[in-house]
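Peer 1: Under the numbering used here, the first residue of the sequence shown is numbered -8, with each subsequent residue one higher.
Built from N, CA and C at the ideal position, the CB exists for glycine as well.
One structure, pasted below without further comment.
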Amino acid sequence: MVININPSTTPYAVLGHPIRHSLSPRMQNAAFEALAMDAVYLAFDVPPEKLMQTLPVLAELGFAGLNLTVPLKEVAFRGLADLDEAARRLGSVNTIKIDAGGLKGFSTDGEGFLRAVRETFDLSVKGLSLFLLGCGGAGRAVAMACAAAGAKRIMLADADRTRLTKLEADLRALGLKTDISAVGTEPQAWRRVCREAELVVHATPVGMHTGEPSVLPPDAFHSGQRVYDLIYMSPETVLMHAAREAGARTSNGLGMLLHQGALSFSIWTGREAPVAVMRRVLEEAVYGKKAEARI
Ligand code: NAP
């Protein structure tokens, strides 16, 4: 890819700490190139204590949009005055739009998940019963978005009781009709409740490394269930494999990564994102050149 950078090129960037792993530059630069836009997307390592002094400098230099990743999303939420509803509800910012009006924070993580589920399973979460295993940053985004989108029931589980209890309380505080329950920290209890859910979402990091066993065994699933694993580094994770053995329909998390980025692109540019191009670039980066043949 050749980017013709010149004095009028509009810069964008992702900030995180660390940031070397980020796939956003590939995905967003491919989008700019596909639409022949004079723009470039970079990546910077910014420690959390420096974020709020870095943002005005980037604005001054002409950056028109930013993505934020771990551990900056909550720092930006606390530091920015202008936030969209999703960012306010979640307490987290993954997208910043910069224009003459200043800096505005958005969160596209939850909507990215909802779009991915709709696309992959042809499924809306409205009226659904969900089991969510993993109540960290990503799990919170999924749970908040599903509650706001009208899920009937969300059953939460995590190994960390403090995180579990906090998400349960935050979801209840939304005052929505969704029935919220915390299943607890014991894997034995998760299996039973998992079988009751129409949509299972896995949001722990277990399975990212080769050789790790699935947090849920095949007998936690049944045929007809939809199982969405947020891990996107392999076409089929260990948890997806276990669920597929039981006859469930499965997906990895690449679609969520894609759609949160596509939504950021549209917020910054006001244009529809070239989703097919962005998906191809992500698949090549994650699965290698043979992506199309394997997925
Ligand atoms: P996180 O903030 O660290 O949260 C993970 C949660 O899972 C923590 O509460 C953790 O508890 C818990 N956990 C860890 N091991 C567990 C186990 N064996 N059983 C039950 N709970 C366990 O991580 P995150 O940022 O939410 O990310 C979670 C996963 O989602 C990662 O694999 C990440 O790559 C993926 N992700 C995907 C996307 C996407 O777009 N597809 C976006 C963001 C994240 P402890 O802290 O006690 O370990």
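Roughly how many angstroms separate the alpha carbons of arginine 146 and threonine 45, rounded to a whole number?
Peer 2: Against the sequence shown, residue 146 aligns to sequence position 155. Against the sequence shown, residue 45 aligns to sequence position 54. At residue 146 the sequence reads methionine, which differs from the arginine that was named. Separation of methionine 146 and threonine 45 (C-alpha to C-alpha, rounded to the nearest whole angstrom) is 39 angstroms.
Peer 1: For methionine 199, count the other beta carbons within 10 Å of its own beta carbon; 16 or more makes it buried, fewer makes it exposed. Which is it?
Peer 2: Within the sequence shown, residue 199 is the residue found at index 208, counting from 1. Exposed is the call here.
Peer 1: Between the alpha carbons of leucine 42 and arginine 262, how many angstroms are there, rounded?
Peer 2: By one-based count along the sequence shown, residue 42 stands at place 51. By one-based count along the sequence shown, residue 262 stands at place 271. Looking at the two C-alpha atoms, the distance is approximately 28 angstroms.
Peer 1: Helix, strand or coil for alanine 148? Go by DSSP, reduced to three states.
Peer 2: Taking the first residue of the sequence shown as 1, we reach residue 148 at position 157. In this structure, alanine 148 counts as strand in the three-state DSSP scheme.
Peer 1: Is it true that the CB of valine 218 sits closer than 8 angstroms to the CB of valine 174?
Peer 2: On the sequence shown, residue 174 is found 183 positions in, with the first residue counted as 1. On the sequence shown, residue 218 is found 227 positions in, with the first residue counted as 1. Not in contact: valine 174 and valine 218 (Cβ atoms no closer than 8 angstroms).
Peer 1: Helix, strand or coil for aspartate 73, going by three-state DSSP, please let me know.
Peer 2: Locating residue 73 in the sequence shown gives position 82, where the first residue counts as 1. Three-state result, aspartate 73: coil.
Peer 1: Flag this pair as touching only if the stretch 88 to 104 and the stretch 161 to 171 have three or more C-beta atom pairs under 8 angstroms; answer yes or no.
Peer 2: no
Peer 1: Run the CB neighbour count on glutamine 216, radius 10 Å, all protein chains shown included, and call it buried at 16 or more, exposed below.
Peer 2: Within the sequence shown, the letter at position 225 stands for residue 216. Glutamine 216 comes out buried.
Peer 1: State the DSSP-derived secondary structure class of lysine 157, mapped to helix, strand or coil.
Peer 2: Here residue 157 refers to the residue found at position 166 when the sequence shown is read from its first residue. Helix, per DSSP.
Peer 1: Entirely within the stretch 1 to 26 and at least 4 residues each: give me those alpha helix (DSSP H) ranges in chain order.
Peer 2: For the stretch 1 to 26, whole alpha helix (DSSP H) runs of length 4 or above, ordered along the chain, are 15 to 25.
Peer 1: Alpha carbon to alpha carbon, what distance is there between alanine 21 and alanine 30?
Peer 2: Stepping through the sequence shown from its first residue, residue 30 is reached at position 39. Stepping through the sequence shown from its first residue, residue 21 is reached at position 30. Taking the straight line joining both Cα atoms gives about 11 angstroms.
Peer 1: Is it true that the stretch 196 to 213 meets the stretch 109 to 116, where meeting means three or more beta-carbon pairs spaced less than 8 angstroms apart?
Peer 2: The stretch 196 to 213 and the stretch 109 to 116 do not touch, with fewer than 3 CB-CB distances between them shorter than 8 angstroms.
Peer 1: Using the rule of at least 16 other Cβ atoms within 10 Å of the residue's Cβ for burial, across every protein chain shown, is leucine 245 buried or exposed?
Peer 2: For the purposes of this step, residue 245 is taken as residue 254 along the sequence shown, with counting starting at 1. Leucine 245 is buried by the Cβ-count criterion.
Peer 1: Quick one: is histidine 12 buried, meaning 16 or more other Cβ sit within 10 Å of its Cβ, or exposed?
Peer 2: As a position in the sequence shown, residue 12 is number 21, starting the count at 1. With fewer than 16 other CB atoms across the displayed protein chains lying within 10 angstroms of its CB, histidine 12 is exposed.
Peer 1: At a cut-off of 7 angstroms, would you count valine 61 as near the ligand NAP, judging by its Cβ distance to the nearest heavy atom?
Peer 2: Taking the sequence shown and counting its residues from 1, the one referred to as residue 61 is at position 70. At least one heavy atom of the ligand NAP is nearer than 7 angstroms to the Cβ of valine 61, so yes.
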